[in-house]
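Trainee: Protein chains in written order, with my numbering: chain A, 295 to 730; chain B, 295 to 730. Just so you know, even glycine gets a beta-carbon here, dropped at the ideal spot from N, CA and C. Fair warning: this is a prediction, and the values are worked out from it, not measured in the lab.
2 protein chains.
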Amino acid sequence: MKQINIGIVGMGTVGTGIAKIMVQNKDIISARIGAELVLKKAADLDIERDRGIDFGPDLLTTDPFLVTDDPDIAIVAEMVGGTGIAKEVIERAIENGKHVVTANKALLAEHGNALFEKAENKGVALAYEASVGGCMPIIKTIRETLVSNRIEAVTGILNGTCNYILTRITNEGITFAEALKDAQSKGFAEADPTLDVGGFDTAHKLAIISALAYGMKINLDEIYIEGISNITPMDIEFAKDCGYRIKLLAIGKFDGNAVEARIHPTMVPFSNQLANVSGSMNAVSLTADGVGNMVLSGRGAGMMPTATAVLSDVADIARNILAGGGIRVPLRSYQAANIREVPIRPIDDIKTHYYFRFTVFDRPGVLSKIAGILGNHGISIKSVHQTERKLDGGVPLFMLTHRANEADVQSSLKEISALEVSTQNPVLIRIEEDES
Amino acid sequence: MKQINIGIVGMGTVGTGIAKIMVQNKDIISARIGAELVLKKAADLDIERDRGIDFGPDLLTTDPFLVTDDPDIAIVAEMVGGTGIAKEVIERAIENGKHVVTANKALLAEHGNALFEKAENKGVALAYEASVGGCMPIIKTIRETLVSNRIEAVTGILNGTCNYILTRITNEGITFAEALKDAQSKGFAEADPTLDVGGFDTAHKLAIISALAYGMKINLDEIYIEGISNITPMDIEFAKDCGYRIKLLAIGKFDGNAVEARIHPTMVPFSNQLANVSGSMNAVSLTADGVGNMVLSGRGAGMMPTATAVLSDVADIARNILAGGGIRVPLRSYQAANIREVPIRPIDDIKTHYYFRFTVFDRPGVLSKIAGILGNHGISIKSVHQTERKLDGGVPLFMLTHRANEADVQSSLKEISALEVSTQNPVLIRIEEDES
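In structure tokens, the structure reads:
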């Protein structure tokens, strides 16, 4: 039976997962691919740790370039992560004419344009299914299933840590701080959780998939990013009473001229499948002409789901090699010559539905003043709810709006703050209504 | 720009949809594939009807074999459906060395083994993404994403007509007959609805995907099939009170020795994503080692979703042709030499949870007798509920069981019927509990 030699740089959780699957499921992998995938060399700073696998002598090395430079290796899996040595490893492997598989969303979001061009020029694959949504075939679906469709929207829950925290707050009414602490103790959140709860990891993923979906260069800098740390049980509870759940959504939309690309806590109606994705699960909804919504959901992170995605890319490349052809599917979905710069619409220019929570003094005329300012900015109120509950010396005033423009909303909130009728800053959460 | 010539046999709804997309989205298809897809010839019995497309002269023909035999055509899309001429068209195209794309689940479920072998021997593709789940990439996900995983279960809502009818009964409390009539008037159900509501269409699809998932020959005959025509609003209401929705599920499970393959109305807990898939939408849940559950959902039928799936197959084949390689992905997921005969477990041997509804005379001792019979067969009752509501001279008695064996359940129900304490036959609905 033919062999395809693989090298792995970075034998942490995912790298070890890949090696484990290659051993445990060797039989079915060979029966499906028609060749044996062989781990030829693997690099890690720590080659002494027991990984529960018998690698045999000389397979592990501390030098990543012994992997990238090994003439017998056809496919290099970069599993280091981050934007440091990982970039060098990928570049060197490409220069050596090797196909590369990576799960490194941060690197691709920041340096993807140059890396993809490098791989395209060299005629090798740079595959990255594992960078977004774990084992869910989101990249394959955009590149290979929706080939004949104009994609209009990509909307997703792409960070398991945030979804876990929001689910805990939703189910138990605990605060963000409590839910975060719990997530950290269970290993669902890092000691420094900023990358996750600040929305940055989600932004890396949105940068990658919106570029793919719309045939544009990756543009991380223009993405609007707002994290989940200000979400309170009170907002979640009110949302629930109105038929919504609060999720950290990545929203990428294209109207043919400009792209909306934004990450923020979002109220999602129960009828939307994303509302029902809970715990550390991920999900992506794709909207395209002719097909409406298609939703993929599954485990977005973790050893085995990520290793599965890496191995699906490895299998794709192995099958190309065995079939004797070149690169079949353009790395960025569109042929390199068709990749454009598409402007990202500033957040001020978007139009959506809004939820506001004001905390106001309980006295006559306050509601009328607030409603007046919103009306002056053309913001139409859909529903208002004021409770008797005392909060920080005031009472909460909840509002849902019809479709409005973000800049108008921001101006209104500024004017309302200046009224000095509030005991707290207003809370704003955008709503993603079903469009049908 | 290079051209790939396509032929279509059967210019009904889906065939016309394919032609429409090829015209409307020509720009993006070319930008993604790097070649132009050209409709060279299309056959249909009716070539006079206005399809809203300008085909130019001589493109339409009434002779399907002018398509299959055209030396300029590389890919033939069989869109006739059924098991008659469609089979001949596919066989002839394969014999002529053409790649074939089909959406014909009935044909593949009945004659797929022979057709796949024919295509494998000839070295051409026989692609069928459109045969299951419309635009959802269920076949691609099994063949190309879960390459390194042992698939353990495939569970799906695969018939939009049934899901639409069950959703109407659930939401409005109408009867099956009323919901069916409504579905027929809205075009969601055929005049003769047997293929759909009897579960047969779902069985065709399960036959195809369980073969794919488990590397086995297609085996339609052994699939247990039960339709939805006996489902009543009362059962749906009780299910809801207990936290379940009733769905027509296709269930295909593999324990390494034998496959369970069954189609029947199923109580699905709200926490299961499939419970939240409503109306004519389809969804499939895939369970595999390491990745847990992954769910795909979307439009499972209709002109554009099906045409999209056909064109994703066409694009895959076109990319193979352009890259200059042979067939990359085995048609049946496993290499032909690895496809086995795997026994399908008889329905009597399955173990699952059950819902029973008895309609019994309202007199002392009845519950004890029924519970006694169940106990004698080792069936453990999880909950019992009896209402005062009169029904057909009796009162309904609802029961949920722990995991039990089907044969024991059937023997018990027979004994209970023989007691002559019931005014109606007992109702049995299987339950698919979350396994985690």
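1) In the DSSP output, which residue or residues are listed as bridge partners for I369 of chain A?
2) Does the beta-carbon of S730 of chain A have 16 or more other beta-carbons within 10 angstroms, so that it is buried, or is it exposed?
3) Nearest by alpha-carbon distance to R732 of chain B: which of B:L722, B:S677, B:A612 is it?
4) State the start and end residues of the unbroken beta strand (DSSP E) segment that holds Y458 of chain A.
5) Can you tell me which of B:E382, B:K381, B:T355, B:V395 puts its alpha carbon nearest to the alpha carbon of V370 of chain B?
6) Residue range of the alpha helix (DSSP H) that R613 of chain A falls in?
7) Quick check for students: name the residue ranges of the beta strand (DSSP E) that lie wholly in the stretch 663-690 of chain B, counting only runs of 3 or more.
8) In whole angstroms, what separates the C-alpha of A403 of chain B from that of G618 of chain B?
9) Within 8 angstroms (strictly less), CB to CB, does E727 of chain A reach chain B?
10) Would you list, in chain order, the members of the stretch 419-443 of chain A that have their beta-carbon closer than 9 angstroms to a beta-carbon of chain B?
11) Return no unless some Cβ of chain A is closer than 8 angstroms to the Cβ of A595 of chain B.
12) For the beta strand (DSSP E) holding G309 of chain B, just list the boundary residues, first then last.
13) Please classify G584 of chain A: is it buried, with 16 or more other beta-carbons within 10 angstroms of its beta-carbon, or exposed?
14) Checking contacts by CB at 8 angstroms: is Y508 of chain A closer than that to chain B?
15) Excluding the 5 residues flanking K499 of chain B on each side, which residues of the same chain have their C-beta closer than 6 angstroms to its C-beta?
16) Can you list, in chain order, the residues of its chain with a C-beta nearer than 7 angstroms to that of A334 of chain B? Leave out the 5 residues immediately preceding and following it.
17) Roughly how far, in whole angstroms, is the beta-carbon of G406 of chain A from the beta-carbon of I512 of chain A, given that I think they are within contact range, below 8 angstroms?
18) Taking S579 of chain A as part of the beta strand (DSSP E), name the residues at either end of that continuous run.
19) Short of 8 angstroms Cβ to Cβ, which residues in the stretch 322-339 of chain B face chain A?
20) Have a look at I638 of chain A and A595 of chain A and give me their C-alpha separation to the nearest angstrom.
21) Between P624 of chain A and chain B, is there a C-beta pair that is closer than 8 angstroms?
22) According to the neighbour-count rule (16 or more other Cβ atoms, all chains shown, within 10 Å of its Cβ), is G521 of chain A buried or exposed?
23) On the DSSP letters alone, give me the boundaries of the alpha helix (DSSP H) that H498 of chain B sits inside.
24) Measuring alpha carbon to alpha carbon, tell me which residue in A:P640, A:K541, A:Q680, A:I459 is nearest I723 of chain A.
25) Is there a Cβ of chain B sitting closer than 8 angstroms to that of Q629 of chain A, yes or no?
26) According to the neighbour-count rule (16 or more other Cβ atoms, all chains shown, within 10 Å of its Cβ), is F410 of chain A buried or exposed?
27) Output needed for R626 of chain A: all residues of its chain with C-beta closer than 7 angstroms, excluding positions within five of it in sequence on either side, in chain order.
28) Just to confirm before moving on: does the CB-CB distance between V374 of chain A and H393 of chain A stay below 8 angstroms?
29) Report back the beta-carbon spacing between S716 of chain B and I673 of chain B to the nearest angstrom; my notes put them in contact at under 8 angstroms.
30) L420 of chain B to V623 of chain B, Cα distance in whole Å?
31) For the pair the stretch 474-491 of chain A and the stretch 376-394 of chain A, tell me if three or more CB-CB distances fall below 8 angstroms.
32) Please list the terminal residues of the continuous beta strand (DSSP E) segment that includes G406 of chain A.
33) With DSSP as the reference, please indicate the residues paired to G346 of chain B in a beta bridge.
34) Any residues in the stretch 610-621 of chain A with a beta carbon nearer than 8 angstroms to a beta carbon of chain B? Which ones, in chain order?
35) How about I725 of chain A and I664 of chain A: are their beta carbons less than 8 angstroms apart?
36) Residues of chain B with a CB under 8 angstroms from the CB of L543 of chain A: which are they?
Mentor: Taking the coordinates as given:
1) One-based indexing of the first sequence puts residue 369 of chain A at position 75. Paired residue(s): A:I300, A:H393.
2) Start at 1 with the first residue of the first sequence, and residue 730 of chain A comes out as number 436. Summary for S730 of chain A: the model assigns pLDDT 47, below 50, so the residue's position carries little reliability, and this model does not support an answer.
3) What is shown of chain B runs 295 to 730, which leaves residue 732 of chain B out entirely.
4) Position 164 of the first sequence holds residue 458 of chain A. Where Y458 of chain A is concerned, there is no enclosing beta strand (DSSP E), although the alpha helix (DSSP H) it sits in stretches over 454-466.
5) Residue mapping note: residue 370 of chain B aligns to position 76 of the second sequence, counting from 1. Checked all of B:E382, B:K381, B:T355, B:V395; the closest Cα to V370 of chain B is B:V395.
6) Working through the first sequence from its first residue, we reach residue 613 of chain A at position 319. Taken as a continuous stretch (DSSP letters only), the alpha helix (DSSP H) holding R613 of chain A covers 597-617.
7) 675-680
8) Translated into positions along the second sequence, residue 403 of chain B becomes position 109. Translated into positions along the second sequence, residue 618 of chain B becomes position 324. A403 of chain B and G618 of chain B: Cα-Cα distance of roughly 31 angstroms.
9) For the purposes of this step, residue 727 of chain A is taken as residue 433 along the first sequence, with counting starting at 1. So no, E727 of chain A is outside the interface.
10) E423, G428, C429, M430, P431, K434, T435, R437, E438, T439, L440, V441, S442, N443
11) In the second sequence, the residue the question calls residue 595 of chain B occupies position 301. So, not an interface residue.
12) The sequence position of residue 309 of chain B within the second sequence is 15, counting from 1. Run containing G309 of chain B: none in the beta strand (DSSP E); it sits in the alpha helix (DSSP H), 307-318.
13) If you number the first sequence from 1, residue 584 of chain A lands on position 290. Classification of G584 of chain A: buried, given that the 10 Å Cβ count is 16 or more.
14) Taking the first residue of the first sequence as position 1, residue 508 of chain A is located at position 214. No, Y508 of chain A lies away from the interface with chain B (no Cβ there is under 8 angstroms from its Cβ).
15) Numbered from 1 along the second sequence, position 205 holds the residue referred to as residue 499 of chain B. Only K399, V426, L452 meet the Cβ criterion.
16) Residue 334 of chain B sits at position 40 when you count from the first residue of the second sequence. Reading off the sequence shown, one finds Lys at residue 334 of chain B, where the question assumed Ala. Around K334 of chain B: N299, I300, G301, D364, D366, I367.
17) What you label residue 406 of chain A is simply residue 112 of the first sequence in a count that begins at 1. What you label residue 512 of chain A is simply residue 218 of the first sequence in a count that begins at 1. Correct: roughly 4 angstroms between the Cβ atoms.
18) As a position in the first sequence, residue 579 of chain A is number 285, starting the count at 1. Here the beta strand (DSSP E) through S579 of chain A covers 575-582.
19) I322, I323, A325, R326, I327, G328
20) Taking the first residue of the first sequence as position 1, residue 638 of chain A is located at position 344. Taking the first residue of the first sequence as position 1, residue 595 of chain A is located at position 301. Going from the Cα of I638 of chain A to the Cα of A595 of chain A covers about 28 angstroms.
21) The residue given as residue 624 of chain A occupies position 330 in the first sequence. Interface residue, yes.
22) Within the first sequence, numbered from 1, the residue matching residue 521 of chain A stands at position 227. That one is buried.
23) Reading the second sequence from its first residue, position 204 is the one you call residue 498 of chain B. Element bounds for H498 of chain B: 494-508.
24) The residue given as residue 723 of chain A occupies position 429 in the first sequence. Checking every option, the nearest Cα to that of I723 of chain A belongs to A:K541.
25) Against the first sequence, residue 629 of chain A aligns to sequence position 335. So yes, Q629 of chain A belongs to the interface.
26) In the first sequence, residue 410 of chain A corresponds to position 116, counting from 1. Buried, since its Cβ has 16 or more Cβ neighbours within 10 Å.
27) The residue given as residue 626 of chain A occupies position 332 in the first sequence. Once the five neighbours on either side are set aside, the close Cβ partners of R626 of chain A are F410, A505, L506, I633.
28) As a working note, residue 374 of chain A is residue 80 in the first sequence. As a working note, residue 393 of chain A is residue 99 in the first sequence. Contact: no.
29) Here residue 716 of chain B is taken as the residue at index 422 of the second sequence, counted from 1. Here residue 673 of chain B is taken as the residue at index 379 of the second sequence, counted from 1. No, S716 of chain B and I673 of chain B are not in contact; Cβ-Cβ is about 17 angstroms, not under 8 angstroms.
30) Working through the second sequence from its first residue, we reach residue 420 of chain B at position 126. Working through the second sequence from its first residue, we reach residue 623 of chain B at position 329. Computed Cα separation, rounded: 11 angstroms.
31) no
32) Along the first sequence, one-based indexing puts residue 406 of chain A at 112. From DSSP, G406 of chain A is part of no beta strand (DSSP E) but of the alpha helix (DSSP H) over 399-416.
33) For this step, residue 346 of chain B is matched to residue 52 along the second sequence. BP columns for G346 of chain B are empty, so no partner.
34) D610, R613, N614, L616, A617, G618, G619, G620, I621
35) Here residue 725 of chain A refers to the residue found at position 431 when the first sequence is read from its first residue. Here residue 664 of chain A refers to the residue found at position 370 when the first sequence is read from its first residue. No. Outside cutoff.
36) Walking along the first sequence from the start, residue 543 of chain A turns up at place 249. Result: empty, since nearest Cβ-Cβ is about 17 angstroms, beyond 8 angstroms.
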